[in-house]
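**Q**
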Amino acid sequence: MPYARLPERSLLAVTGEAAHHFLQNLVTADLDSLADGEMRPCALLTPQGRILFEFLIGKQADGLRIDVAASAAADLKKRLTLYRLRTKIGIESSDLPVLAVWEEPDLTAAELYADRRFPEGEMARLYGAPPAELIEASPDDYRLRRIRGGIAEAETDYPGSDVFPHDVLFDQNGGVSFRKGCFVGQEVVSRMQHRGTARRRLMLLAGERHLTPGSNIEAGGKTIGTVLSADGTEGFGFLRIDRLAGALSRGEELSADGVPVTATIPPWAGFALPEPAGADGETAGSEA
């Protein structure tokens, strides 16, 4: 099985008898349903429902493990410490290496944790030294697999502070629970879910030439989205799905900084483009 070291990731450990209850009332994922041997997508939001920190979360012997972008780890630790108040928990950094393992990883192995952002059995996490039988691959190999799988990450692919969970498909990948009850930002996110008002969505991009992050995605002379990140001709974009649906219904081609581009919904996501309506391609009742 190939593996890649992920130096851009860091670990936090939240430990103690109250660790589960403490995080369950803060974060988007339902920790009550968290199984052994899995790392689940999760986020800590602002009270306004925007993503402050996006991470993977899973069980460990004495509490919960958080797998987060290294550039955000110190700030996340500080934020959790502010929320802790008198709760009897520990919040500590860990120096264990973070590894991604793929090509049908043996998820019965005690040291492997299924990465639930990917389809079943496709990708796993390993925390610690790799077993001798694993074959080291380049982090670029993992990054390309992640992009092609439609798995975007905060700090690397999108800025968390201006993003709602629906924007980055947390309503599709189990990263947010609409049944668990209260968490920070829950009211806003639940309202978006029940009203169906998510208009901006993360999508896969494929360009005829190299894509430039930050470029506007245009159709029919109008901006309908933005290139977020790219690896050569492949990458991620945010698109207004109502405007995209209208452009496609009119047969308009998409381009980013003059580069012809196609946008597709990640294969595991369960949403569809809305029915186009109106001369500008926006659905009836949609907001600008």
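Each residue of the sequence shown is one higher than the last, beginning at 1 in full-length UniProt numbering. All C-beta atoms, glycine included, are put in the ideal place defined by N, C-alpha and C. Just so it is clear, the structure is predicted and the values come from calculations on it, not from any experiment.
Would you list, in sequence order, the uninterrupted beta strand (DSSP E) runs of no fewer than 3 residues that lie entirely inside the stretch 78 to 149?
**A** 90 to 94, 98 to 102, 112 to 115, 123 to 127
**Q** For Pro-7, count neighbouring C-beta atoms within 10 Å of its own C-beta (all shown protein chains included) and say buried if the count is 16 or more, exposed if not.
**A** Residue burial is scored here from C-beta neighbours: Pro-7 has fewer than 16 other C-beta atoms within 10 angstroms and is therefore classed as exposed.
**Q** Would you report the Cα separation of residue 291 and Ile-91, rounded to the nearest angstrom?
**A** As shown, the chain starts at 1 and ends at 288. That puts residue 291 outside it, with no answer to give.
**Q** Return helix, strand or coil for Ile-66, following the three-state DSSP convention.
**A** strand
**Q** Among Leu-273, Ser-255, Asp-62, which residue has its Cα nearest to the Cα of Ala-18?
**A** Asp-62
**Q** Determine whether the beta carbon atoms of Met-203 and His-166 lie at a separation below 9 Å.
**A** no
**Q** Give the straight-line distance between the Cα atoms of Thr-87 and Arg-201, rounded to the nearest whole angstrom.
**A** 37 Å
**Q** Taking just the CA atoms, how far does Gly-207 sit from residue 355?
**A** Residue 355 lies beyond the stretch modelled for the chain, which goes from 1 to 288, so this question has no answer here.
**Q** Look up Gly-251 in the DSSP assignment and say whether it is helix, strand or coil.
**A** coil
**Q** Report all residues from its chain with a CB closer than 6 Å to the CB of Phe-22; omit the five preceding and five following residues, and keep chain order.
**A** Thr-87, Ile-89
**Q** Find the nearest neighbour of Glu-136 within the set Gly-150, Glu-103, Asp-30, Glu-54, judged by alpha-carbon distance.
**A** Glu-103
**Q** Note down, in chain order, each residue of its chain lying with its Cβ closer than 7 Å to the Cβ of residue 306, except the 5 sequence neighbours on either side.
**A** Outside the shown range of the chain (1 to 288) lies residue 306, about which nothing can therefore be said.
**Q** Just to confirm my understanding: we take Gly-121, look at its own chain, exclude 5 residues before and 5 after, and list those with CB closer than 8 Å. What are they?
**A** Glu-104, Pro-105, Leu-107, Ala-114
**Q** Between the stretch 241 to 248 and the stretch 128 to 147, do at least 3 Cβ pairs fall closer than 8 Å?
**A** Counting Cβ pairs under 8 Å, fewer than three are found: no touch.
**Q** State the Cα-Cα distance for the pair Arg-209 and Pro-260, rounded to the nearest angstrom.
**A** Distance between the alpha carbons of Arg-209 and Pro-260: 8 Å.
**Q** Kindly indicate if chain B contains any beta-carbon less than 9 Å away from that of Pro-213.
**A** No chain B appears in this structure, which consists of one protein chain only.
**Q** Three-state secondary structure (DSSP) at Glu-8?
**A** In the structure shown, Glu-8 sits in coil (DSSP, three-state: anything other than H, G, I, E or B).
**Q** Could you give the first and the last residue of the continuous beta strand (DSSP E) run that contains Ser-229?
**A** Start and end: 222 to 231.
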